[in-house]
Ligand SMILES: Nc1ncnc2c1ncn2[C@@H]1O[C@H](COP(=O)(O)OP(=O)(O)OP(=O)(O)O)[C@@H](O)[C@H]1O
Ligand SMILES: [Mg+2]
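And the structure:
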């Protein structure tokens with residue numbers, strides 16, 4: 001039985017002709033925050049569904065909290081919590097009633113003391129009798145995390161926990177996630193397509209694209225992999241790729257829509273050559289990027305993480321519409 005909190009071996013999920021998760025191998029050490037970073041449609045939610053037993057794996061193996069997900073699903077479920085990217089709270093119930101419902105769903109005999117402690121920890125104790133429909137987005141998120149922690153899980157899965165939140169609420173949530181990990185000693189697997197989020201929160205990251213893990217490591221080790229700088233260039237339509245390739249110091253040229261992405265040895269040396277090769281009116285926008293997790297993704301896939309999944313339908317809009325309809 002592995003001592004890591006999460007281990008997968010060749011974990012695979014096939015939907016019809018599509019391989020959503022493709023022979024994934026990850027190891028998440030107990031007590032750490034692990035980030036699964038990838039664009040829309042990369043397979044992040046499917047990974048969580050496989051690890052939590054919400055979907056059956058097509059191939060491979062997985063262990064969570066020391067138990068085999070396929071052979072011991074109940075033992076796994078008792079030890080995990082899940083914070084979904086969609087809203088799961090019942091708006092017409094109070095905070096306390098939502099906790100009560102969660103306790104009933106999980107058949108928890110002793111839950112009131114823990115629920116009270118969690119409300120205090122998340123600063124919601126004085127709102128325990130208020131209906132959730134009166135809560136701010138940040139308060140809802142806190143309550144969602146409290147629900148996930150009620151049965152004292154060892155591992156918590158958070159699927160894009162900060163999606164759609166404003167910058168302040170997102171920062172607040174980052175502190176909470178760190179707190180859940182440090183103060184409760186819980187292993188957290190979070191998915192994100194916000195690079196800076198994974199960088200700030202996670203000790204280890206795997207980058208997933210089209211169901212495959214394309215890179216893994218600590219944020220600093222991943223950043224150290226990429227020695228090049230990147231220059232992002234938006235030009236008039238007439239610019240010839242060969243012309244860009246001929247610029248001294250440019251090692252790779254890729255295009256994404258109307259934007260060119262140039263991999264360069266050192267941006268400060270190459271920029272003057274770019275300006276002398278292209279006419280000023282050919283350049284609409286220019287942006288320099290030093291090594292970061294974003295450039296790791298660019299280096300491996302040739303795409304930006306926030307645009308890589310642009311062809312995938314955006315279910316978030318669908319969920320947002322559903323939420324509005326429920327109110
Ligand atoms: N139940 C399903 N049936 C068929 N295809 C599915 C199903 N669930 C997911 N997929 C497909 O599997 C791929 C991975 O989806 P998944 O939801 O895991 O991506 P994701 O990384 O979570 O994306 P996002 O950032 O948009 O949430 C997508 O192409 C998706 O359309
Ligand atoms: Mg998802």
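In the numbering used here, the protein residues as written are 1 to 327. No residue lacks a Cβ here, since even glycine has one placed at the ideal position from N, Cα and C. Given the structure is predicted, the values throughout are model-derived calculations rather than measurements.
Distance between residue 257 and residue 179 (C-alpha atoms, nearest Å): 41 Å
Reference residue 133; option with closest CA among 99, 89, 193: 89
For residue 28 and residue 120, the rounded distance between their alpha carbons: 30 Å
Range covered by the alpha helix (DSSP H) that runs through residue 57: Neither: residue 57 is in no alpha helix (DSSP H) and is coded neither H nor E.
Residue from 215, 144, 14, 104 whose Cα sits closest to the Cα of residue 83: 144
Burial state of residue 123 (16 or more Cβ within 10 Å): exposed
Bounding residues of the alpha helix (DSSP H) (the contiguous stretch that carries residue 44): 44-51
Where residue 151 sits in the DSSP three-state scheme: coil
Contact test: residue 46 Cβ vs ligand 1 heavy atom, cutoff 6 Å: yes
Residue 15 CB to nearest heavy atom of ligand 1 below 6 Å: yes
CA nearest to the CA of residue 67, picked from 283, 304, 266, 79: 79
Contact the region 168-182 vs the region 19-35: 3+ CB pairs below 8 Å: yes
The region 45-59 contacting the region 91-105, beta-carbon criterion three pairs below 8 Å: Not touching, per the Cβ criterion.
Beta strand (DSSP E) runs contained entirely in the region 86-130, provided each spans 3 or more residues: none
Any non-hydrogen atom of ligand 1 closer than 6 Å to residue 257 Cβ: no
Residues that DSSP places opposite residue 19 in a beta bridge: 14
Alpha carbon of residue 1 to alpha carbon of residue 17, nearest angstrom: Confidence at residue 1 is low in this model, with a pLDDT of 44, below 50, so its placement is unreliable and the value that follows should be read with caution. The alpha-carbon atoms of residue 1 and residue 17 are separated by roughly 33 Å.
Close Cβ partners of residue 318 (< 8 Å) along its chain, the five nearest in sequence each way excluded: Confidence at residue 318 is low in this model, with a pLDDT of 49, below 50, so its placement is unreliable and no value can be given for it.
Contact the region 265-274 vs the region 227-242: 3+ CB pairs below 8 Å: yes
Residue 151 to residue 161 span [Cα, whole Å]: Approximately 20 Å between the Cα atoms of the pair.
Cα-Cα separation between residue 253 and residue 298, rounded to whole angstroms: 11 Å
Beta-carbon proximity check, residue 383 vs residue 10, cutoff 7 Å: The question about residue 383 has no answer, for the chain in this structure spans 1 to 327.
Distance between residue 146 and residue 187 (C-alpha atoms, nearest Å): 15 Å
Element boundaries [beta strand (DSSP E), containing residue 370]: No statement about residue 370 is possible, as the shown extent of the chain runs from 1 to 327 and does not include it.
Pairwise C-alpha distance: residue 98 and residue 13: 33 Å
For residue 244, the nearest candidate out of 41, 135, 278, 169 (CA to CA): 278
Cross-strand partners of residue 174 (DSSP beta bridge): Paired residue(s): none; residue 174 is not in a bridge.
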